[in-house]
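Sequence positions in the sequence shown follow this note's numbering and run 160 to 415. Don't be surprised by glycine CBs; every beta carbon is placed ideally from N, CA and C. Note that the structure is a prediction, hence the values are computed from the model and not measured. Notes for the one structure printed next.
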Amino acid sequence: MSNRKSLLTFYETHGQEEYRLQEGSVHRIEFLTATKYFAELFQPKSNILDNCAGTGAYAFYLAEQGHQVTAGDIVPFNVEIMQKKQAKQKRLQEIYLGDVLNLSRFANESFDVVLCMGAFYHLLTAKERRQALKENLRILKKGGLFIATYMNRYAVILGDMVGDLENLDEILRFKQQGTEDIFYASTPEEAETFFLSEGLKQVKHIALDGMALFLTETSKLLTPNGLKRWLTYHLKTCEEKSLLGSSYHGMWIGQK
């Protein structure tokens with residue numbers, strides 16, 4: 160991975176993955192939306208690989224739902240946190256330090272479900288993204304589900320513009336390149352075309368956090384009932400194609 164050193168430094172310095180999906184209404188919506196679709200689409204007791212698991216938010220949740228889950232991440236700091244959780248209450252089948260570009264530790268067609276929820280917006284070259292996709296699909300069983308997340312380019316631009324119009328020219332350069340530091344962002348159309356290119360059948364394409372990015376200040380003030388009402392609206396509209404590009408994160412689900 161061409162940006163490995165910067166990527167490791169970012170996550171080890173910020174340490175944000177441990178609490179990101181649980182703190183605040185905005186990121187909580189991301190987690191609740193993803194797990195709602197998991198519950199609808201995953202067969203009971205599926206054999207699941209979460210190959211960019213962060214600190215295990217989805218991996219441990221899915222294990223608690225009765226699935227057999229293996230979890231890995233490229234960041235040693237994140238893997239150590241998962242291992243500490245595992246030591247308290249053994250849930251996962253295996254925890255490993257690894258890279259989505261090389262999943263040779265796993266045999267062909269080993270898993271019913273493969274999660275790749277994060278890696279694609281850190282792979283800066285088309286060659287790396289293609290290699291990662293091929294590796295993910297190699298270890299996925301025929302008929303299995305592949306779940307990937309990506310960052311939406313125009314949502315990122317809008318989010319940056321909200322707080323920093325003075326640097327508009329620099330922000331707009333990101334529109335042309337799609338890359339900045341350790342991040343890569345695409346459009347929903349680009350993401351869809353890419354994931355379909357290896358013969359997958361599209362099952363769902365979802366605005367994972369919807370318009371929540373632009374409601375940050377409001378969301379801080381939401382009561383539990385307010386969050387519930389907003390989530391109800393969001394789940395009714397998150398598959399609306401015209402809204403996909405407004406969501407900071409997109410989630411694409413395909414079947415092999």
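Cβ-based neighbour list, residue i, same chain, cut-off 8 Å, excluding 5 preceding and 5 following
| i | result |
| --- | --- |
| E351 | Q361, H364 and W411 |
| E398 | K363, H364, I365 and A366 |
| L402 | A366, G369, M370 and T396 |
| E357 | L292, K293 and L296 |
Among the options, the one whose alpha carbon lies nearest that of residue i
| i | options | result |
| --- | --- | --- |
| G413 | A344, A314, T391 and L292 | L292 |
| R312 | K300, G302, L299 and A344 | A344 |
| G257 | D209, L355, F197 and T346 | D209 |
| E347 | A222, F236, A307 and E357 | It is Pro, not Glu, that sits at residue 347 in the sequence shown. Selected option, being the one with the closest Cα: A307. |
| A222 | E349, K244 and T396 | K244 |
| Q242 | Y220, T214 and R264 | T214 |
Cutoff 7 Å; reference residue i; Cβ partners in own chain excluding five residues on either side
| i | result |
| --- | --- |
| Q290 | L260 |
| M370 | S405 |
| Y280 | Y309, M310, F342, Y343 and A344 |
| F270 | N206, I207, L208, I298, L299, K300 and G303 |
| T194 | Y220 |
| R250 | F219, A222 and E223 |
Neighbourhood of residue i by C-beta distance below 6 Å, restricted to the same chain and skipping five residues each side
| i | result |
| --- | --- |
| Q416 | Here the chain has residues from 160 to 415 only, and residue 416 is not among them. |
| Y255 | G231 |
| G385 | none |
| V273 | L208, N295, L299 and F305 |
Burial state of residue i, where buried means 16 or more other Cβ atoms lie within 10 Å
| i | result |
| --- | --- |
| Y217 | buried |
| E417 | The requested residue 417 is not part of the displayed model; the chain covers only 160 to 415. |
| L282 | buried |
| R187 | buried |
| N237 | buried |
Limits of the alpha helix (DSSP H) - the one that residue i falls within
| i | result |
| --- | --- |
| Q242 | P235 to K247 |
| T391 | P383 to T396 |
| N295 | A285 to R297 |
| F342 | From DSSP, F342 is part of no alpha helix (DSSP H) but of the beta strand (DSSP E) over F342 to S345. |
| Y217 | A216 to E223 |
Cross-strand partners of residue i (DSSP beta bridge)
| i | result |
| --- | --- |
| M370 | None; M370 has no bridge partner. |
Where the beta strand (DSSP E) containing residue i begins and where it ends
| i | result |
| --- | --- |
| Q253 | The sequence shown places Glu at residue 253, rather than the Gln named in the question. E253 -> beta strand (DSSP E) spans E253 to L256. |
| L208 | N206 to D209 |
| L359 | Neither: L359 is in no beta strand (DSSP E) and is coded neither H nor E. |
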